[in-house]
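The listed protein sequences derive, respectively, from chains A and B. Numbering that gives the first Met the number 0 puts the first residue of the first sequence at 0, with every later residue one more than the last. Numbering that gives the first Met the number 0 puts the first residue of the second sequence at 0, with every later residue one more than the last. Have a look at the structure below, then the notes.
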Amino acid sequence: MDLNPIFFTAFASLAIAFALLVVLKKNPVASAFSLVLVFFCFAAMYAMLDAHLLAALQVLVYAGAIMVLFIFVIMLLAADVPSFDLGRSHVGLRIGSGAVSLVLLGLFVWAFRHTESFGAKGTLTAAKIESVGGNTQAISQLMFSDYLLPFELTSVLLLAGIVGAVAIAKRQNPRKEGSGS
Amino acid sequence: MMQVEPWLVLSFAATIFFIGLTGVFIRRNILVLLMCIELMLNAVNLTFVVFSRQLDSLAGQMSVFFIMTVAAAEAAVGLGLVIALFRTLRTVDTDQIQLLKE
């Protein structure tokens, strides 16, 4: 793959470091800001892999919309006090889950390393994508032809998500109303 | 120039995935749990993009597009649930969310 090894190493190590910070930081706000940086590293990866539309969407949707939502909720709940929940989890659970993750990761790396062929090749080579006007053009053409039905269903899903989020978050405490238990 | 092998990029994505998985196991703050889920989703997205590039097909990138939409909806509904839970229980700690026990 024609990734630049220097940039790949830099962004990969940055992303792994910040992903570890997301898990290990006690303060949820610190976790959230580390997560933003992980998202930016992923956007850089997408750009290097010639997925330009996805790189832009990654910054807009993940680093923009989703993270604003997270930080908004953290501030709304005043939950930004450092929680020592990491130290409270069972030591055996911490060591066990870390070990299981490492073993599974090793298995995955071994499998990726020893895979000769990834499967049947498609037709959209880099030159072909270039000839139809770039990555965004090619994806748009695909989105509004072969993937039109899933694309429309996505808008239904988003509508359901909006209605559901408002309905859940707006519901008053049933105990106060006396209608619940 | 030296080339970056695809398996290296895939291994990087798997590393991020398992960091997120470990986070889901060891953390107790429900907001951090949701963030770890986002980490795992991103790792899967990167895997899709690598395969899409390797196989000369844009199906993988279309999948990433749909996963992003689902992730956005999931974050909105999940955080709505967190707000509703916090309103009822005054906590974001998963150890204290045990309404079924009461």
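No residue lacks a Cβ here, since even glycine has one placed at the ideal position from N, Cα and C.
7 angstroms Cβ cutoff, residue i in contact with chain A
| i | result |
| --- | --- |
| PHE47/B | no |
| SER62/B | no |
| LEU32/B | no |
| LEU9/B | yes |
Span of the alpha helix (DSSP H) around residue i
| i | result |
| --- | --- |
| ALA125/A | 125 to 130 |
| ARG93/A | 90 to 112 |
| LEU147/A | 147 to 169 |
| TYR45/A | 27 to 47 |
| THR8/A | 4 to 23 |
| GLN97/B | Segment: none, GLN97/B is in no alpha helix (DSSP H) and carries neither H nor E. |
| THR135/A | 134 to 142 |
| PHE69/A | 66 to 76 |
Same chain only: Cβ atoms within 6 angstroms of residue i, ignoring 5 sequence neighbours per side
| i | result |
| --- | --- |
| ALA54/A | ALA42, TYR45, ALA46 |
| ALA42/B | ALA12, ILE15, PHE16 |
| CYS35/B | GLY19, GLY22, VAL23 |
| VAL233/A | Nothing can be reported for residue 233/A: it is not among the residues displayed for chain A, which extend from 0 to 180. |
Per DSSP, the bridge partner or partners of residue i
| i | result |
| --- | --- |
| ASP92/B | ASN28/B |
Minimum Cβ-Cβ distance from residue i to chain B less than 7 angstroms
| i | result |
| --- | --- |
| ALA164/A | yes |
| ALA11/A | yes |
| VAL90/A | no |
| VAL67/A | no |
Same chain, Cβ closer than 7 angstroms to residue i, five either side skipped, listed in chain order
| i | result |
| --- | --- |
| ALA31/A | MET66, PHE69, ILE70, ILE73 |
Chain-order list of residues whose beta-carbon lies under 8 angstroms from that of residue i (same chain, five-residue window excluded)
| i | result |
| --- | --- |
| ASN28/B | VAL91, ASP92, THR93 |
| ALA62/A | VAL35, PHE38, PHE39, ALA42 |
beta-carbon residue i near the ligand SAM non-hydrogen atom, thresh 6 angstroms
| i | result |
| --- | --- |
| ILE94/A | Ligands displayed in this structure: none; no statement on the ligand SAM is therefore possible. |
Residues of the region 15 to 26 of chain B whose Cβ lies closer than 9 angstroms to any Cβ of chain A, in chain order: If the cut-off is 9 angstroms between Cβ atoms, the region 15 to 26 of chain B has ILE15, PHE16, PHE17, ILE18, GLY19, LEU20, THR21, GLY22, VAL23, PHE24, ILE25, ARG26 near chain A.
Residues within the region 83 to 99 of chain B neighbouring chain A, beta-carbon criterion of under 7 angstroms: Listed in sequence order: ALA83, PHE85, ARG86, THR87, VAL91, ASP92.
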